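Trainee:
Number of protein chains: 2
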Amino acid sequence: MAADAIEPLGITTAEEEAYRHIQRALRMGRYRAGDRLIPEEIATEIGMSRMPVREAFRQLAAEGLVVIRPNRGCIVAGLTLDEIYETFEIRSVLEGLAVRLAMPHIDVEVLEELERQLDRMERASQTGSSDWVVRHQAFHLQICQLSNRPKLVRQIASLHVVIEPYLRIWFDYVDKPASARAEHEILIEVLRSGDAGKAEIVMRDHIVETAPLLANFASPGRR
Amino acid sequence: MAADAIEPLGITTAEEEAYRHIQRALRMGRYRAGDRLIPEEIATEIGMSRMPVREAFRQLAAEGLVVIRPNRGCIVAGLTLDEIYETFEIRSVLEGLAVRLAMPHIDVEVLEELERQLDRMERASQTGSSDWVVRHQAFHLQICQLSNRPKLVRQIASLHVVIEPYLRIWFDYVDKPASARAEHEILIEVLRSGDAGKAEIVMRDHIVETAPLLANFASPGRR
DNA sequence: GACTGGATAAGTGGATACACAGATACGCTT
DNA sequence: AAGCGTATCTGTGTATCCACTTATCCAGTC
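These protein sequence lines are chains A and B, in that order.
If you read the first sequence in our numbering, its first letter stands for residue 1, the second for the next number, and so on.
If you read the second sequence in our numbering, its first letter stands for residue 224, the second for the next number, and so on.
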């Protein structure tokens, strides 16, 4: 159960292709917030009819990536500054919970694996924002997975997808891989300490402190 | 924006009707977990074609109320015991966050309104489980709304819907309106104190303590 | 010259029809 | 007699079609 946290629930081949195609485009920042997504356009692009695309829209709307207004089409969802803060607030308590619950499953091998993840993250930071964002997400989700709470991990993963474009933009403007590494080292540190309550607090702080940083570079478009 | 927290995002008349119809049936416990939802059946029942029903399924799947397996239809989602606990864990941190953020907006009128809500809840407990569950949800959401965080409130509301059938069953077996009132009085108490940090902790405890109670009565069917 | 009203065009939402996948039951073979 | 394979049927998934809503543009009026 819950094989991959980011996977949508029930989807068939054609619809899945549409979903993946659009989600990738959105995550890569190909569209800007407020852009209209025209079903026919995307349908012909992938080589199918409008219908699977419509269903994909619905899936994406449920995840908060697009907004469907009745009879007025599908537009790319943008987060206001307040919504970015809100998303980070939610992330902070959810990932805080996850790390607290993960603590019993932390052992030496896990810590070593997380260190390797950080190495990969640092190396990726040189190749570009895309790679770094992916590695950064992988690091956070790796910890969350250890909580052994599928629904929790799924919700967290969903939030990561929503803020991904903003993280990307932030990274493109100010690249600070050095301090990013240090901040995540702190997380491994507290995991090593074995104090679940402390780990929760550290994770919370780690996340909410990130929000103001990229708030300055907010909005790849306006809603 | 964000007029009603429980409202799905982009939905048209026909689809909305299908959505409401199915959700109400699910919340009332009309179906049991694992039951198949046949699009054609529901469509004719409301007097429309299968399509809006399918879109409604997708919406419900995103909320975790049903599960859609490719080419194998839509079945009512059931929560395992672990998943019930997990849902309450998630609720506890989210509503904890909400009450912490709500604190600055607490004043005398709000407290009085919450007291009235408790009165209504107690009165409803005599008329039946349905009324009590609705009032109980309203009380919790009332507090959450004060946080002024639309996305947070939406997520919490969604979790309430998922656990609603289980709360209903629990209430039908052991009705304990008296202690329920006392437990919620504590919440108003801490809101009156003005201590945001303490309120968060109290809310968390209040919620996680509920989980084991209704775990004994878990599962209106098996997935 | 600007604003409002109507008409036309474009595009979304819904229904119906069709193709394909999965489940079940029956028959054949071992 | 039991197990496997096949055939049929039910039901999902996709496409095309139609109706209705909305947006845009132009003309008329103030």
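Ideal Cβ placement from N, Cα and C applies to all residues, glycine included.
Remember, it's a predicted structure, so these values are computed and weren't measured experimentally.
(1) Assuming proline 165 (chain A) and glycine 29 (chain A) are in contact, meaning their beta carbons sit under 8 Å apart, how far apart are those beta carbons, in whole angstroms?
(2) If you run the structure through DSSP and keep just helix, strand and coil, what is alanine 33 (chain A)?
(3) In angstroms, rounded to a whole number, what distance separates the CA positions of arginine 204 (chain A) and threonine 210 (chain A)?
(4) Chain B partners of glutamate 86 (chain A), CB-CB under 7 Å?
(5) Should threonine 350 (chain B) be flagged as near chain A, meaning a C-beta pair shorter than 9 Å?
(6) For the segment 34 to 64 of chain A, which residues have a CB atom closer than 7 Å to at least one CB atom of chain B, in sequence order?
(7) For a contact meaning CB atoms closer than 8 Å, what does glutamine 378 (chain B) contact in chain A?
(8) Under the DSSP definition of a beta bridge, which residues are partnered with cysteine 297 (chain B)?
(9) Nearest-angstrom Cα distance between arginine 346 (chain B) and valine 333 (chain B)?
(10) Could you please give the first and the last residue of the uninterrupted alpha helix (DSSP H) stretch that includes arginine 149 (chain A)?
(11) On the three-state DSSP scale, how would you describe threonine 433 (chain B)?
(12) Would DSSP call glutamate 238 (chain B) helix, strand or coil?
(13) Only counting the same chain, and skipping five residues up and downstream in sequence, which positions put a Cβ closer than 7 Å to that of threonine 87 (chain A)?
(14) What are the residues of the segment 381 to 414 of chain B that lie near chain A, defined by any Cβ-Cβ distance shorter than 8 Å?
(15) Does glutamine 117 (chain A) pass the burial test, meaning 16 or more other C-beta atoms within 10 Å, or should it be called exposed?
(16) So the alpha helix (DSSP H) valine 316 (chain B) belongs to, where does it begin and stop?
(17) Does arginine 259 (chain B) pass the burial test, meaning 16 or more other C-beta atoms within 10 Å, or should it be called exposed?
(18) Under the three-state reduction of DSSP, which class applies to isoleucine 386 (chain B): helix, strand or coil?
(19) Since isoleucine 269 (chain B) and glutamate 240 (chain B) are thought to touch, with beta carbons under 8 Å apart, how far apart are those beta carbons, to the nearest angstrom?
(20) Does the beta-carbon of isoleucine 207 (chain A) have 16 or more other beta-carbons within 10 angstroms, so that it is buried, or is it exposed?
(21) Using the rule of at least 16 other Cβ atoms within 10 Å of the residue's Cβ for burial, across every protein chain shown, is serine 370 (chain B) buried or exposed?
(22) Please report the Cβ distance between valine 153 (chain A) and leucine 317 (chain B), rounded to the nearest whole angstrom; I am assuming they are in contact, meaning their Cβ atoms lie under 8 Å.
(23) Is arginine 281 (chain B) near alanine 62 (chain A), with beta carbons less than 9 Å apart?
(24) Please list, in chain order, the chain A residues whose beta carbon lies closer than 8 Å to that of valine 316 (chain B).
(25) Tell me the DSSP secondary structure of aspartate 107 (chain A) in three-state form.
(26) Using the rule of at least 16 other Cβ atoms within 10 Å of the residue's Cβ for burial, across every protein chain shown, is glutamate 278 (chain B) buried or exposed?
(27) Tell me whether serine 179 (chain A) sits in a helix, a strand or coil according to DSSP, three-state version.
(28) Looking at the structure shown, is valine 397 (chain B) part of a helix, part of a strand, or coil, going by DSSP?
(29) Name the residues in the segment 114 to 140 of chain A whose C-beta lies less than 8 Å from a C-beta of chain B; which are they?
(30) If you run the structure through DSSP and keep just helix, strand and coil, what is aspartate 342 (chain B)?
(31) Taking only three categories from DSSP, how would you classify glycine 351 (chain B)?
(32) Determine, using beta carbons only, whether glutamate 240 (chain B) comes closer than 9 Å to chain A.
(33) Indicate whether at least one CB of chain A lies closer than 9 Å to the CB of glutamate 306 (chain B).
(34) I need the straight-line Cα distance from leucine 304 (chain B) to leucine 437 (chain B), nearest angstrom please.
(35) How many Å lie between isoleucine 188 (chain A) and valine 133 (chain A) at the Cα?
Mentor: This is what the structure gives:
(1) In the first sequence, counting from the first residue as 1, residue 165 (chain A) sits at position 165. In the first sequence, counting from the first residue as 1, residue 29 (chain A) sits at position 29. That belief holds up - the Cβ atoms of proline 165 (chain A) and glycine 29 (chain A) are roughly 5 Å apart, short of 8 Å.
(2) What you label residue 33 (chain A) is simply residue 33 of the first sequence in a count that begins at 1. In the structure shown, alanine 33 (chain A) sits in a strand (DSSP, three-state: E or B).
(3) As a working note, residue 204 (chain A) is residue 204 in the first sequence. As a working note, residue 210 (chain A) is residue 210 in the first sequence. So the two alpha carbons sit approximately 10 Å from each other.
(4) If you number the first sequence from 1, residue 86 (chain A) lands on position 86. What glutamate 86 (chain A) touches in chain B: Arg372, Lys374 and Leu375.
(5) The count along the second sequence starts at 1 and reaches residue 350 (chain B) at position 127. No, because no Cβ of chain A sits closer than 9 Å to the Cβ of threonine 350 (chain B).
(6) Glu55, Arg58, Gln59, Ala61 and Ala62
(7) Here residue 378 (chain B) is taken as the residue at index 155 of the second sequence, counted from 1. Under the 8 Å cutoff, chain A gives Ile90 and Gln155.
(8) Indexing the second sequence from 1 puts residue 297 (chain B) at position 74. Its beta-bridge partners are B:Leu260 and B:Ile291.
(9) As a position in the second sequence, residue 346 (chain B) is number 123, starting the count at 1. As a position in the second sequence, residue 333 (chain B) is number 110, starting the count at 1. Straight-line Cα distance between these residues: approximately 20 Å.
(10) Taking the first residue of the first sequence as position 1, residue 149 (chain A) is located at position 149. Counting along the chain, arginine 149 (chain A) falls outside any alpha helix (DSSP H), and DSSP gives it neither H nor E.
(11) Start at 1 with the first residue of the second sequence, and residue 433 (chain B) comes out as number 210. Helix, per DSSP.
(12) Taking the second sequence and counting its residues from 1, one reaches residue 238 (chain B) at position 15. If DSSP states are grouped into helix, strand and coil, glutamate 238 (chain B) belongs with the helices.
(13) As a first step, residue 87 (chain A) is located in the first sequence; it is residue number 87 there, counting from the start. Within the same chain, threonine 87 (chain A) has close Cβ partners Leu79, Leu159, Val162 and Ile163.
(14) none
(15) What you label residue 117 (chain A) is simply residue 117 of the first sequence in a count that begins at 1. It is buried - the Cβ of glutamine 117 (chain A) has at least 16 other Cβ atoms within 10 Å.
(16) Within the second sequence, residue 316 (chain B) is the residue found at index 93, counting from 1. Counting along the chain, the alpha helix (DSSP H) containing valine 316 (chain B) begins and ends at 304 to 325.
(17) Reading the second sequence from its first residue, position 36 is the one you call residue 259 (chain B). Exposed, by the Cβ-count rule.
(18) The residue you call residue 386 (chain B) lines up with position 163 of the second sequence. Helix.
(19) Looking up residue 269 (chain B) in the second sequence gives position 46. Looking up residue 240 (chain B) in the second sequence gives position 17. Contact holds; Cβ gap of about 6 Å.
(20) For the purposes of this step, residue 207 (chain A) is taken as residue 207 along the first sequence, with counting starting at 1. Classification for isoleucine 207 (chain A): buried.
(21) Residue numbering aside, residue 370 (chain B) sits at position 147 when the second sequence is read from its first letter. Looking at its Cβ environment, which holds 16 or more other Cβ atoms inside 10 Å, serine 370 (chain B) is buried.
(22) Within the first sequence, the letter at position 153 stands for residue 153 (chain A). Within the second sequence, the letter at position 94 stands for residue 317 (chain B). Their Cβ separation, rounded to whole angstroms, is 15 Å, which puts valine 153 (chain A) and leucine 317 (chain B) out of contact at 8 Å.
(23) Here the question's residue 281 (chain B) lines up with position 58 in the second sequence. Here the question's residue 62 (chain A) lines up with position 62 in the first sequence. Result yes, Cβ atoms of arginine 281 (chain B) and alanine 62 (chain A) sit closer than 9 Å.
(24) One-based indexing of the second sequence puts residue 316 (chain B) at position 93. Neighbours of valine 316 (chain B) on chain A, chain order: Val93, Leu94, Gly96 and Leu97.
(25) Locating residue 107 (chain A) in the first sequence gives position 107, where the first residue counts as 1. Note: aspartate 107 (chain A) maps to coil in three-state DSSP.
(26) For the purposes of this step, residue 278 (chain B) is taken as the residue at position 55 of the second sequence. Buried, because 16 or more other Cβ atoms sit within 10 Å of the Cβ of glutamate 278 (chain B).
(27) On the first sequence, residue 179 (chain A) is found 179 positions in, with the first residue counted as 1. Here serine 179 (chain A) sits in helix by DSSP.
(28) Residue mapping note: residue 397 (chain B) aligns to position 174 of the second sequence, counting from 1. Valine 397 (chain B): coil per DSSP, three-state reduction.
(29) none
(30) By one-based count along the second sequence, residue 342 (chain B) stands at place 119. Of the three classes helix, strand and coil, the one that applies to aspartate 342 (chain B) here is helix, per DSSP.
(31) Taking the first residue of the second sequence as 1, we reach residue 351 (chain B) at position 128. Looking at glycine 351 (chain B) - three-state DSSP - the assignment turns out to be coil, as it is neither helix nor strand.
(32) Residue 240 (chain B) sits at position 17 when you count from the first residue of the second sequence. Taking Cβ atoms only, chain A never reaches closer than 9 Å to glutamate 240 (chain B), which makes this a no.
(33) Stepping through the second sequence from its first residue, residue 306 (chain B) is reached at position 83. Yes, contact with chain A.
(34) Counted from its first residue, the second sequence places residue 304 (chain B) at position 81. Counted from its first residue, the second sequence places residue 437 (chain B) at position 214. One C-alpha to the other measures close to 10 Å.
(35) Residue 188 (chain A) sits at position 188 when you count from the first residue of the first sequence. Residue 133 (chain A) sits at position 133 when you count from the first residue of the first sequence. Rounded to the nearest angstrom, the two C-alpha atoms are 19 Å apart.
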